[in-house]
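Chains as they are written, first to last, in the numbering used here: chain A, 59 to 443; chain B, 2 to 378.
Everything on this sheet refers to the single structure shown next.
Next comes the structure, spelled out in structure tokens:
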């Protein structure tokens, strides 16, 4: 048993810290929204991370990795997340791994290296109006004709699609097959004729998108893996990579503690108030548990173990902890909690105000807490379906 | 990083699991609860033969030179089996103090006998204030020529009724805080000591120990005079994590019982484990246990490596205490009415919350420690 980083990992962590200090400017932080790069400076930063081989360090060198470890990736994400940079790429964390496992050599050469260099971003295309938690209810159709598939239908709640280059699409390739069977994965160029992207506005003020497909022509080679196996491929890819970066939560908690040290109410600093202490301590422990869960998943991946329920566990626990942290933060801020960044008298750069508004999204997106708990119970504990 | 135990520790775990399954069935646990002694000497002797009492002791004192993590493995299995008896008092508390603070004569006198299971030694720390604050130590020790005279009452002293020796945490100076506390080794049969087991529903035997002008020779002092809290402070960290390990084992057993029941119990024509309400309870239990495991093992590893870990220990005890409570509550809930029957195994685990939870500081206590550290930084 050993809960410390190795000497090499410690040295690597110092290198990442130095890089972060140098490259992570205020502008980049401004454009990094919930870990995503949403502006030119943040995108440039991600490319710099890619140049170091740090977007997907654990990938093979042929596909743009540095043959590194998942523990290194954990260190990179935690550091960048802590300092407020864009740590998460849908391309690198969700699409790339699926292509790596299931994609043809041609697709791997075409997409993986640019993803690893941080040059391209991909938007997710799972959810539809009638297919939320019940992903098997997807209706968007992909009909095979000659060398192409023709796609009709639409996707909803897609983060970053207005900035992304490609769409990671799950569509029905065989309408005669019910449910999970009959779905396939595609990589679609979002500039293809017939695609329309329109904004939907979250309660945070952040944009997500609706994507309409009107007879969009996609080359056959862009079908990833096996036809009609898309649902299962998606599940495996998600099990591999669904984790939680705690860096931003750790930073937020530190800022909150610092705020409680500096802020006096009723003649004494908030931090000596026992109710506040209990609340902060509870959060600190929950954040710590999330961190240890994430470290353990990285360790498992490096040992060649495929996590299953562990990734669902960290998704539920991480998102619910982030939500509790957001609510506790705004409660401690009191009336200031309603002032977003930029407002006069806004506190802690509006960080908790934004997190408060975003918290209900966290426990829904990428598999609701309920779906994750089902997975833990059935896959982790063997309870019957 | 390495989240696994090593091979020897895994072997120890398998051996302990097999041994306790065989030798400590629930029928025996129930006997121990109603038994006056609270343990089964035959089982105690077998545990000693396996080398468990001396697991952490150096070889020259009859031990096997293991580390704190090895002990954690054992305690987890003991918690799982709901083993009752003086192991925690004698090994985790008593022998740790002697090893850390005792002089060579005391070590040679006591440790080999502890390792053999021939004597039981316990720690008298808490008093009527039932907290773990040094300011609460009020049992007086006064030096009269070459003898200490001890006066006062200790409460919730584990296994004092069967102990051969009691290490009493005494106030030895006119002070309030950490200074002026001395540890004294007292023969439990000394004149002036009266021991009354408390009627706790948990099955753990804990006692009121009244010291009425009890005289002990000056050489019974363990460690430095007036500096006793230094040892107790360190011991409390170990004891808290050791308690976490017991709760972790107990919680894991509760989860496994619950899963087994949920798979076979049929209502509305289906196993109840197929209902999401039950699945979500079980999933929450599992998450609580996984968190308990990570925090307990990390704190235990740091203690083994002698790294500073005040924060990590408080995080572990705070979380595991709350997690154990949640897990036992949900275990009852999922297993329904049958689980609140006295002859069901669930009460053996859920009742322990009342003893294991507050022992060495409950969740609120430990969160307060974290909070105070921030306030004083």
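Yeah, the Cβ is synthetic: ideal placement off N, Cα and C, and Gly gets one too.
These figures come from a predicted structure and were not determined experimentally.
Cβ-based neighbour list, residue 331 (chain B), same chain, cut-off 7 Å, excluding 5 preceding and 5 following: 282, 285, 286
Residue 306 (chain A) - containing alpha helix (DSSP H), residue span: 305 to 320
Below-8 Å beta-carbon distance, residue 431 (chain A) vs any chain B residue: yes
Leaving aside the five residues before and after residue 261 (chain A) along the sequence, list all residues of the same chain whose C-beta is less than 6 Å from its C-beta, in chain order. 415
Are at least three pairs of beta-carbons, each pair with one atom in the segment 245 to 260 of chain B and one in the segment 121 to 133 of chain B, less than 8 Å apart? no
Which runs of the alpha helix (DSSP H), 4 residues or longer, sit entirely within the segment 7 to 73 of chain B? 8 to 24, 27 to 35, 42 to 50
Compare the C-beta of residue 320 (chain A) with all C-beta atoms of chain B and state if any pair is closer than 8 Å. no
Can you pull the chain A residues whose beta carbon is under 7 Å from the beta carbon of residue 272 (chain B), in chain order? Here the neighbours are 442.
Could one say the Cβ of residue 116 (chain A) lies closer than 8 Å to chain B's Cβ atoms, at least one of them? No - not a single Cβ of chain B is within 8 Å of the one on residue 116 (chain A).
What's the call for residue 106 (chain B), buried or exposed, on a 16-neighbour Cβ count within 10 Å? exposed
Leaving out the 5 sequence neighbours to the left and right, which residues in its chain are closer than 8 Å to residue 234 (chain A) when beta-carbon positions are compared? 240
Anyone know if the C-beta pair for residue 370 (chain A) and residue 433 (chain A) falls short of 8 Å? Their beta carbons are under 8 Å apart, which means residue 370 (chain A) touches residue 433 (chain A) by this criterion.
Answer yes or no: does any C-beta atom of chain B fall closer than 8 Å to that of residue 362 (chain A)? no
Quick check on DSSP: helix, strand or coil for residue 258 (chain A)? strand
Counting contacts by CB-CB distance shorter than 8 Å, is residue 343 (chain A) in contact with chain B? yes
Whole angstroms is fine: what's the gap from residue 349 (chain B)'s alpha carbon to residue 247 (chain B)'s? Note on geometry: alpha-carbon atoms of residue 349 (chain B) and residue 247 (chain B) lie some 13 Å from one another.
Residue 103 (chain A) and residue 143 (chain A): beta carbons closer than 8 Å? yes
Inter-stretch contact (C-beta, 8 Å, three-pair minimum) for the segment 200 to 207 of chain B and the segment 22 to 39 of chain B: The segment 200 to 207 of chain B makes contact with the segment 22 to 39 of chain B; the number of CB pairs closer than 8 Å reaches 3 or more.
Interface partners of residue 354 (chain A) on chain B, CB under 9 Å: What residue 354 (chain A) touches in chain B: 2, 4, 291, 295.
Residue 38 (chain B): which of B:303, B:164, B:358 sits nearest, CA to CA? Selected option, being the one with the closest Cα: B:164.
Does the segment 279 to 291 of chain A touch the segment 309 to 317 of chain A, meaning 3 or more C-beta pairs lie closer than 8 Å? no
9 Å Cβ cut-off: residues of chain A touching residue 57 (chain B): Under the 9 Å cutoff, chain A gives no residues; its nearest Cβ is about 16 Å from residue 57 (chain B).
Quick one: Cα of residue 359 (chain B) to Cα of residue 370 (chain B), how far? 15 Å
Residues of chain B with CB under 8 Å from residue 315 (chain A), in chain order? Per Cβ cutoff of 8 Å: 375.
Check distances from the C-beta atoms of the segment 337 to 354 of chain B to those of chain A and list, in chain order, the residues that come in under 7 Å. Answer set for the segment 337 to 354 of chain B: empty.
Taking the DSSP output, what are the residues bridged to residue 326 (chain A)? A:323
Does the segment 62 to 74 of chain B come close enough to the segment 232 to 251 of chain B to have 3 or more Cβ pairs within less than 8 Å? Yes, the segment 62 to 74 of chain B is in contact with the segment 232 to 251 of chain B.
Buried or exposed for residue 109 (chain A), please, with buried defined as at least 16 other CB atoms from any protein chain shown within 10 angstroms of its CB. By the neighbour-count rule (16 or more Cβ atoms within 10 Å), residue 109 (chain A) is not buried but exposed.
Measuring CB to CB, does residue 318 (chain A) end up less than 8 Å from residue 333 (chain A)? no
Return no unless some Cβ of chain B is closer than 8 Å to the Cβ of residue 420 (chain A). Taking Cβ atoms only, chain B never reaches closer than 8 Å to residue 420 (chain A), which makes this a no.
I'd like to know whether the C-beta of residue 307 (chain B) is nearer than 8 Å to at least one C-beta of chain A. No, no contact with chain A.
Return the chain-ordered list of same chain residues with a C-beta closer than 7 Å to the C-beta of residue 363 (chain B), the five sequence neighbours on each side being excluded. 322
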